[in-house]
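> Quick note, the sequence shown lines up with residues 2 to 356 if you use the numbering used here. Even glycine gets a Cβ: it sits at the ideal position worked out from N, Cα and C.
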Amino acid sequence: MTTNPSTAQAHLFSEWKGHEREPVVGDVYRRGDVAIHFDQAEKLYADWPAPTCIISDGPYGVSGFPGDNHKAESLAEWYEPHFKAWSEYASPETTLWFWGTEVGWATVHPVLISNGWEYRCCNIWDKGLGHIAGNANSRTLRKFPVVTEVCVHYVKAAIFEVGGHSLTMQEWLRHEWKRTGLPFRLANEACGVLNAATRKYLTSDHLWYFPPADAFVRLAQYANDHGDPAGRPYFCVNGSSPISGRQWARLRAKFTCDVGITNVWREPQVSGSERIQGTRNGMKYKFKSLHGSQKPLKFLDLTIRASTEKGDVVWEPFGGLCPGAVVSHYLGRAYRAAEIIPEFYVAAVERLATS
Ligand SMILES: C[S@@+](CC[C@H](N)C(=O)[O-])C[C@H]1O[C@@H](n2cnc3c(N)ncnc32)[C@H](O)[C@@H]1O
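(1) Would the beta-carbon of Ile342 be found less than 7 Å away from any heavy atom of ligand 1?
(2) Give the single residue among Leu195, His154, Cys152, Arg175 whose Cα lies nearest to the Cα of Phe161.
(3) Helix or strand or just coil, what does DSSP make of Ser167?
(4) What did DSSP end up calling Phe161 once you bin it into helix, strand or coil?
(5) Nearest to Ile114 by CA position, among Val153, Glu103, Asn138, Val147, is which residue?
(6) Straight-line CA distance for Arg31 to Glu351?
(7) Would Ala335 count as contacting chain C if we go by Cβ distances under 8 Å?
(8) Pick out whichever of Ala86, Glu23, Leu332, Val35 has its Cα sitting closest to the Cα of Leu45.
(9) Under 7 Å from any heavy atom of ligand 1, does the C-beta of Gln295 make it?
(10) Determine the closest residue to Thr304 out of Ser294, Trp316, Tyr346, with distance taken between C-alpha atoms.
(11) Distance, Cα to Cα, His207 vs Arg200?
(12) What three-state label does DSSP hand Glu94 in the structure shown?
(13) Is Gln278 near ligand 1, with its Cβ less than 7 Å from a heavy atom?
(14) Got a sec: does ligand 1 put a non-hydrogen atom nearer than 7 Å to the Cβ of Ala339?
(15) Assign Ala191 to one of three DSSP states: helix, strand, or coil.
(16) Using a Cβ-based criterion (distance less than 7 Å to any ligand heavy atom), does Ala73 qualify as near ligand 1?
(17) In terms of DSSP beta bridges, what is His154 paired with?
(18) Looking at Lys157 and Ser92, is the spacing between their C-beta atoms short of 8 Å?
(19) Can you determine whether any heavy atom of ligand 1 sits closer than 7 Å to the C-beta of Gln41, and answer yes or no?
(20) Reducing DSSP to helix, strand and coil, say where Pro146 ends up.
(21) Closer than 8 Å by C-beta to Gly333: which residues in its own chain qualify, once you throw out the five before and the five after it? Chain order, please.
(22) Tell me the DSSP bridge mates of Ile37?
(23) Taking 6 Å as the limit between beta carbons, can you name the residues of its chain near Gly59, skipping five residues before and five after?
(24) What three-state label does DSSP hand Trp249 in the structure shown?
(25) In chain order, what residues of the same chain lie with their CB nearer than 6 Å to the CB of Asn5, ignoring the 5 residues before and after it?
(26) Using the three-state DSSP reduction, which class does Glu317 fall into: helix, strand or coil?
(27) Do the stretch 127 to 137 and the stretch 92 to 108 meet, that is, are 3 or more Cβ pairs less than 8 Å apart?
(28) Of all the options Glu190, Gly232, Ser274, Thr355, which has the alpha carbon lying nearest to the alpha carbon of Glu177?
(29) Reducing DSSP to helix, strand and coil, say where Arg186 ends up.
(30) Using a Cβ-based criterion (distance less than 7 Å to any ligand heavy atom), does Ser59 qualify as near ligand 1?
(31) When the Cα atoms are used, what is the spatial distance from His274 to Pro297?
(32) Candidates Thr355, Pro24, Ser88: which alpha carbon is nearest Phe345's?
(33) For Phe211 versus Ala221, is the C-beta distance shorter than 8 Å?
(34) If we ignore side chains and look at the alpha-carbon of each, how far apart do Leu142 and Asn70 end up?
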């Protein structure tokens, strides 16, 4: 085993070419704007460009790989500094994909919420019966054999600071319209709709809907033309002009997905040529099946495409074999990852270099 980040002295950001020597803490391998660091992720966030998408596949609390926590109960405390940092460096355009076991996720969910992450959906990876074939005796287990993991979708909600209070986007839209002194029904006239503005964009109930940029611009224009002159400008955060349509569109996370994809992802464990094993890079590292938690490239492709566009930045703080690096490279995304186990780091670098 070579140098470990916990014991080695850091020398930040020395380029590592993947051949000439073993990696030491602070090394980074780059292919274009795709970079894999040999270091602890928490030491790197401040130096990375702001993320549009964060893929978290860290400890599970099942002792599944070297360094994995032994119990799910310890995960909330372990993850909290990461959640805080992600929140600090994210923008309202950012999506977080949090991988874990069901109970691991349940344990950390409240901590994600209290750090400003808004829950969207729990996606379930169903690995199928092949995952337990010949390996699970439910009489001994005393439960149904588990063939799933979850990949939970969060976004960084926009927050508006008003008079010492933090308002959600829904609250802020309503607050701004109320300030104009105009009746709510006029918001429909402003947007040129029958009742969508009052029923969706300005409602205080669960039927609230994000106003598309053109509707927002019309609301803001109407409010500033007809609202109480004393309160102008309305729908403004810089003290002088209302938020533009372009700025408004950037106040929520990106999302796009093909028809027919649901939150149940049926896919066997990685196998065949995608499963990384063997000696890496002519170096001394030997692996049977290298990483117990290797994720199918298909899921990285799905989540990165869904939440980013060309040129956007993807973070994969707990890289492992860094599947996001391969996908970001071919999709034209910038990418930053960290890994602390030398064997995994070497294999991830080789994988990116040859992809
Ligand atoms: C679940 S695995 C990731 C597997 C990866 N998604 C893949 O497909 O290969 C988590 C990885 O995070 C690494 N890790 C744990 N703590 C870390 C930290 N503080 N900074 C960077 N990597 C860390 C572990 O060594 C482990 O390889």
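According to the structure data:
(1) Locating residue 342 in the sequence shown gives position 341, where the first residue counts as 1. Yes; taking the cut-off as 7 Å, the Cβ of Ile342 has a heavy atom of ligand 1 nearer than that.
(2) Along the sequence shown, read from residue 1 onward, the residue named residue 161 stands at position 160. Phe161 has its Cα closest to that of Arg175, out of Leu195, His154, Cys152, Arg175.
(3) By one-based count along the sequence shown, residue 167 stands at place 166. Three-state result, Ser167: strand.
(4) Indexing the sequence shown from 1 puts residue 161 at position 160. In the structure shown, Phe161 sits in a strand (DSSP, three-state: E or B).
(5) Against the sequence shown, residue 114 aligns to sequence position 113. Selected option, being the one with the closest Cα: Val153.
(6) By one-based count along the sequence shown, residue 31 stands at place 30. By one-based count along the sequence shown, residue 351 stands at place 350. Cα to Cα, Arg31 sits roughly 11 Å from Glu351.
(7) Any reference to chain C falls outside this structure, which holds one protein chain only.
(8) Position 44 of the sequence shown holds residue 45. For the residues Ala86, Glu23, Leu332, Val35, the minimum Cα distance to Leu45 belongs to Ala86.
(9) Locating residue 295 in the sequence shown gives position 294, where the first residue counts as 1. Correct: Gln295 has its Cβ closer than 7 Å to ligand 1.
(10) Translated into positions along the sequence shown, residue 304 becomes position 303. Comparing Cα-Cα distances from Thr304 to each of Ser294, Trp316, Tyr346, the minimum goes to Trp316.
(11) In the sequence shown, counting from the first residue as 1, residue 207 sits at position 206. In the sequence shown, counting from the first residue as 1, residue 200 sits at position 199. C-alpha separation (whole angstroms): 10 Å.
(12) Along the sequence shown, read from residue 1 onward, the residue named residue 94 stands at position 93. Reduced to three states, the DSSP call for Glu94 is coil.
(13) Position 277 of the sequence shown, counting from 1, holds the residue named residue 278. Incorrect: Gln278 has no Cβ contact closer than 7 Å to ligand 1.
(14) Your numbering for residue 339 matches position 338 in the sequence shown. The answer is yes for Ala339.
(15) Sequence index remark: in the sequence shown, residue 191 carries index 190 (1-based). Of the three classes helix, strand and coil, the one that applies to Ala191 here is helix, per DSSP.
(16) For the purposes of this step, residue 73 is taken as the residue at position 72 of the sequence shown. No - ligand 1 has no heavy atom lying nearer than 7 Å to the Cβ of Ala73.
(17) Counting from one through the sequence shown, the residue named residue 154 turns up at place 153. Paired residues: Trp98, Cys122.
(18) Here residue 92 is taken as the residue at index 91 of the sequence shown, counted from 1. Here residue 157 is taken as the residue at index 156 of the sequence shown, counted from 1. Yes, the Cβ-Cβ distance between Ser92 and Lys157 is below 8 Å.
(19) Here residue 41 refers to the residue found at position 40 when the sequence shown is read from its first residue. Checking the Cβ of Gln41 against ligand 1 gives yes.
(20) Here residue 146 corresponds to residue number 145 of the sequence shown, with the count starting at 1. In the structure shown, Pro146 sits in coil (DSSP, three-state: anything other than H, G, I, E or B).
(21) In the sequence shown, counting from the first residue as 1, residue 333 sits at position 332. Excluding positions up to five away in sequence, the list reads Lys311, Gly312.
(22) Within the sequence shown, numbered from 1, the residue matching residue 37 stands at position 36. Ile37 pairs with Tyr30, Ala338.
(23) Here the question's residue 59 lines up with position 58 in the sequence shown. So the qualifying residues of the chain are Phe319.
(24) Within the sequence shown, the letter at position 248 stands for residue 249. Reduced to three states, the DSSP call for Trp249 is helix.
(25) As a position in the sequence shown, residue 5 is number 4, starting the count at 1. Only weak support exists for where Asn5 lies, its pLDDT of 45 falling under 50; the coordinates are left without a value.
(26) Residue 317 sits at position 316 when you count from the first residue of the sequence shown. Strand at Glu317.
(27) no
(28) In the sequence shown, counting from the first residue as 1, residue 177 sits at position 176. Of the listed residues, the one whose Cα sits closest to Glu177 is Gly232.
(29) Start at 1 with the first residue of the sequence shown, and residue 186 comes out as number 185. In the structure shown, Arg186 sits in coil (DSSP, three-state: anything other than H, G, I, E or B).
(30) If you number the sequence shown from 1, residue 59 lands on position 58. The identity of residue 59 in the sequence shown is Gly, whereas the question assumes Ser. Within the cutoff, so yes.
(31) In the sequence shown, counting from the first residue as 1, residue 274 sits at position 273. In the sequence shown, counting from the first residue as 1, residue 297 sits at position 296. The amino acid at residue 274 is misidentified as His; the sequence shows Ser. Computed Cα separation, rounded: 11 Å.
(32) As a working note, residue 345 is residue 344 in the sequence shown. Residue Pro24 is the option with its Cα nearest to Phe345.
(33) Translated into positions along the sequence shown, residue 211 becomes position 210. Translated into positions along the sequence shown, residue 221 becomes position 220. Taking 8 Å as the Cβ cut-off, Phe211 and Ala221 do not qualify as a contacting pair.
(34) Taking the first residue of the sequence shown as position 1, residue 142 is located at position 141. Taking the first residue of the sequence shown as position 1, residue 70 is located at position 69. Using only the alpha carbons, I get a separation of about 22 Å.
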